[in-house]
Amino acid sequence: MRFPDVSTIKITTANVNEFLSHGKLSRHELSGKEPINKVLVLRGEGLDKARIKKMLAEMGFNVRIVVGNRHHADLVAVMGIRRKRLHLRLFLSVDKKEWVITAHTDWSWINLNLFKPIRSHLMKGMGDYQTGTLMAHRLFKLFFQKKLGYAGTT
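According to our numbering, numbering within the sequence shown proceeds without interruption in unit steps and concludes at 1094.
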């Protein structure tokens, strides 16, 4: 399987109001349970689930998630960042031409201060979506500029 040419892939931010009617996305992420203002939108040719998973793995994300709630997402990915983690939920658009991504940071389970991870995982709206979206956007930009991971490899 050939990885898509990253020069054809674009990542942008969008207001959540543009996606309120998106079936899977509106069931949890945009239902008002989470404090989301912006989402990322990934557009490009040949971005099927297998290629997205490969791209995320090359960026350093764990795409084989065993524990956790998918919240109706088509794909989830997690990256550990010190005591926190960056968590992505990806939703394929209805027309299958773009992926809508929500991103948040929260406390990692691998943390000696158990109060913070328990609080951030059991209570709704505890993830930091603003920081998560900014971090994920920057990571995708670096990846597409071939400054992160192995962009464009087979």
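No residue lacks a Cβ here, since even glycine has one placed at the ideal position from N, Cα and C.
**Study point:** His1077, enclosing beta strand (DSSP E) - first and last residue
**Key:** Unbroken run through His1077 is the alpha helix (DSSP H), Tyr1069 to Phe1084; no beta strand (DSSP E).
Check your understanding: According to the Cβ coordinates, are Lys964 and His1027 closer than 7 angstroms?
Key -> no
Review point. Which first and last residues belong to the beta strand (DSSP E) in which Ala1017 is found?
Key: Run containing Ala1017: Leu1015 to Ile1021, per the beta strand (DSSP E) assignment.
Practice item. Quick one: grab the DSSP three-state call for Leu970. Key: coil
Review point. Glu958 by DSSP, collapsed to three states: which one?
Key: Three-state DSSP puts Glu958 in a helix.
**Study point:** 6 angstroms CB neighbourhood of Leu996 in its chain, flanking five on each side removed
**Key:** Val1003 and Ala1017
Point to revise | Cβ-Cβ distance between Ile992 and Thr1042 below 7 angstroms | key: Contact check for Ile992 against Thr1042 fails: the beta carbons are separated by 7 angstroms or more.
Practice item. In the DSSP assignment, find the unbroken alpha helix (DSSP H) run with Lys1024 in it and report its ends. Key: Taken as a continuous stretch (DSSP letters only), Lys1024 belongs to no alpha helix (DSSP H), being part of the beta strand (DSSP E) at Lys1024 to Leu1032.
Exercise for review: Look up Val1040 in the DSSP assignment and give the residues it is bridged to.
Suggested key: Val981 and Phe1031
Check your understanding: Any idea what DSSP makes of Thr1094, helix, strand or coil?
Key -> With a pLDDT of 41 at Thr1094, under the threshold of 50, the predicted position of this residue should be treated as unreliable, though the coordinate-derived value follows. Correct three-state label for Thr1094: coil.
Check your understanding: In terms of residues, what are the limits of the alpha helix (DSSP H) holding Leu996?
Key -> Lys989 to Met999
Practice item. Would you identify the three-state DSSP class for Lys1087, choosing helix, strand or coil? Key: coil
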